[in-house]
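Residue numbers (my numbering): 4 to 626.
Here is the structure we will look at, set down as structure tokens.
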């Protein structure tokens, strides 16, 4: 487990200085495991880590700056791992002069950096583009507090948090997107790739350092061969670098393409870690992937010349006790509580070295592109108009549905004459009260993903389909705050690493979906390391029957939770719609029933857990 707390203030303000002294005494008394790693006039940083392999501290040479997390150099190949970064005098000078921007340009990793400029009386807080470490900010009596773990703020005696019900409603429509608002009115998010400037301890301005739209538009990779070679090199390097300090680790292996690629990368890592694969299965039709998981292990072992363990565990719907939801720690934003219980409530807790280093293929679908639609041809016309490859790409896209001429006509219309169109990922409108839904739309700009809000006119540079791809890569996968504290696990998802995301952002949709294949580049890049049976697979396991049984097993809990819950009382959910859905739990297998354990239950859980300490909630209204 690792976390940090930082205090920034105007050191010439006696009241603020006195408050910092009080906060430091409270922190050092109540959280003695957190140590001071930086002290300057106007900034102090504390950090705790029981796993240097996951989170280290990088102090700057002779300057008031520190990086908390993990930093790697950009240079990489398939043989040598990206080298660790040391903040020597040259690097420190670049960090100070660029106010942390050079960290994103020259390095990558999971980190939060604190840089203090005494001359400007400014502190710069820089969060890496992957969002691997949480980063939130609040204020207490003229002191800005930057932190990763909300429970630490509670331990320090913060009692002024109130719930942001506008955010609660927006979350139900567009869950898990990183917006600057959080579920707490007094807490804001430092977005991935963003720099927050605190001047004299007060938020002054925000700079978005990471312009993923420019990266995607300025240097596209249009040749399939080049994309495949770059993907293999970059993905293997990131997997190897992140796993290098974990001699024993565990992989959540589903048997799908993404986790199989992750296994192949771990087995070929230069550090040669001892890998244990966990596979969860159930007996419902389409949900038993044991043959594919075994095939992945056999293939990775054969091509790497190394062996790994495979542990198989049956999912049992009745083993999921939703009463456990009340025991999750409080966080500034909701997390995937139900998904956690579903996939991690059984099996070993830690690896053999006593640390829970778990790897996952999370982010693979969004990064590698798992789509079966006309995105490829629409993107091509947007970029090239009536280019010479248009007939081939239109024919490929027609394999997903429609006729060749119909797909071609729509692509020409969308790519040449309807360039102001938009695509919206937010479609979860069921059970939301109409008035609450309208209130969100009246103030929708507040809930635009942070990267898109920071980029000027992104729609003029990329097609809506490519922007949707970037948006899918920006959805937060990490649920570090509660889950590492619940089970002592540390999760890693190398497919969300900055070099991987930037690389695949540069690949147009017609390259990523070449030959009418989803994840076409990833399939070709790792064809030498994966069995033909896995590469040929075009479907994924579905767990509708399992989740339906989970819902039925917890029907009484769900009825009590929703009908007596905050979302209904605050008229965010429509009580009649909720009652109608609950009445169908035992008599219907409609997909709407499964939504009961989606974002609605996640948000209700989050709100209830916060009711232990927050002020009374305010009515949700449009701003």
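Note that the Cβ used here is the ideal one computed from N, Cα and C, for glycine as well.
DSSP-derived helix/strand/coil call for residue i
i           : result
residue 435 : strand
residue 62  : strand
residue 49  : strand
residue 184 : strand
residue 507 : helix
residue 606 : helix
residue 206 : strand
residue 336 : coil
residue 176 : helix
residue 57  : coil
residue 79  : coil
residue 23  : helix
residue 322 : helix
residue 18  : helix
residue 87  : strand
residue 189 : coil
residue 270 : helix
residue 136 : coil
Continuous beta strand (DSSP E) stretch holding residue i: start and end
i           : result
residue 282 : 277-284
residue 156 : From DSSP, residue 156 is part of no beta strand (DSSP E) but of the alpha helix (DSSP H) over 153-158.
residue 76  : 68-76
residue 114 : 110-120
residue 43  : 38-43
residue 359 : 359-362
residue 139 : 139-143
residue 161 : Segment: none, residue 161 is in no beta strand (DSSP E) and carries neither H nor E.
residue 147 : 146-150
residue 594 : From DSSP, residue 594 is part of no beta strand (DSSP E) but of the alpha helix (DSSP H) over 594-597.
Inter-residue Cα distance where the pair is residue i and residue j
i           : j           : result
residue 354 : residue 530 : Interpretation of residue 354 is limited by its pLDDT of 43, a score under 50 that renders its predicted location unreliable; no figure is taken from the coordinates.
residue 356 : residue 362 : Its pLDDT being 43, under 50, residue 356 is placed unreliably in this model, and the value from its coordinates should be taken loosely. Near 15 angstroms, if we compare the C-alpha coordinates of residue 362 and residue 356.
residue 482 : residue 389 : With a pLDDT of 47 at residue 482, under the threshold of 50, the modelled position of that residue is not reliable, and no figure is offered here.
residue 611 : residue 51  : 28 angstroms
residue 472 : residue 385 : 15 angstroms
residue 140 : residue 130 : 12 angstroms
residue 557 : residue 318 : 16 angstroms
residue 607 : residue 553 : 18 angstroms
residue 340 : residue 217 : 35 angstroms
residue 263 : residue 474 : 24 angstroms
residue 371 : residue 505 : 12 angstroms
residue 242 : residue 227 : 22 angstroms
residue 509 : residue 35  : 45 angstroms
residue 528 : residue 374 : 18 angstroms
residue 10  : residue 171 : 28 angstroms
residue 206 : residue 585 : 45 angstroms
residue 269 : residue 275 : 8 angstroms
residue 446 : residue 439 : 11 angstroms
residue 174 : residue 565 : 16 angstroms
residue 315 : residue 281 : 6 angstroms
residue 157 : residue 148 : 12 angstroms
residue 536 : residue 95  : 50 angstroms
residue 502 : residue 99  : 23 angstroms
residue 600 : residue 167 : 22 angstroms
residue 225 : residue 465 : 14 angstroms
Boundaries of the alpha helix (DSSP H) in which residue i is found, first to last residue
i           : result
residue 253 : Per DSSP, residue 253 belongs to no alpha helix (DSSP H); it is in the beta strand (DSSP E), 251-255.
residue 543 : Run containing residue 543: none; DSSP gives neither H nor E here.
residue 370 : 367-371
residue 407 : 407-415
residue 11  : Where residue 11 is concerned, there is no enclosing alpha helix (DSSP H), although the beta strand (DSSP E) it sits in stretches over 5-11.
residue 499 : First-last for residue 499: undefined, no H or E at that position.
residue 378 : 378-387
residue 400 : 393-401
residue 514 : 512-515
residue 472 : 467-477
residue 527 : 523-528
residue 537 : 535-538
residue 457 : 453-457
Bridge partners - residue i, DSSP secondary structure assignment
i           : result
residue 259 : Residue 259 pairs with nothing; no bridge assigned.
residue 96  : DSSP lists no partner for residue 96.
residue 422 : Per DSSP, none; premise fails for residue 422.
residue 581 : For residue 581, which the question treats as bridged, DSSP gives no partner whatsoever.
residue 126 : 119 and 201
residue 29  : None; residue 29 has no bridge partner.
CB contact below 8 angstroms: residue i versus chain C
i           : result
residue 471 : This model lacks chain C altogether, as it is built from one protein chain only.
Quiz item: In the stretch 547-577, which residue ranges form an unbroken alpha helix (DSSP H) of at least 4 residues, counting only runs that do not cross its ends?
Solution: 547-556, 558-566 and 569-572
Practice problem: Could you name each continuous beta strand (DSSP E) segment of 3 residues or more that falls completely within the stretch 291-320, going from the start of the chain to the end? | Solution: Listed in chain order, they are 312-317.
Quiz item: Which residue spans inside the stretch 192-240 form an unbroken beta strand (DSSP E) run of at least 3?
Solution: 197-202 and 205-211
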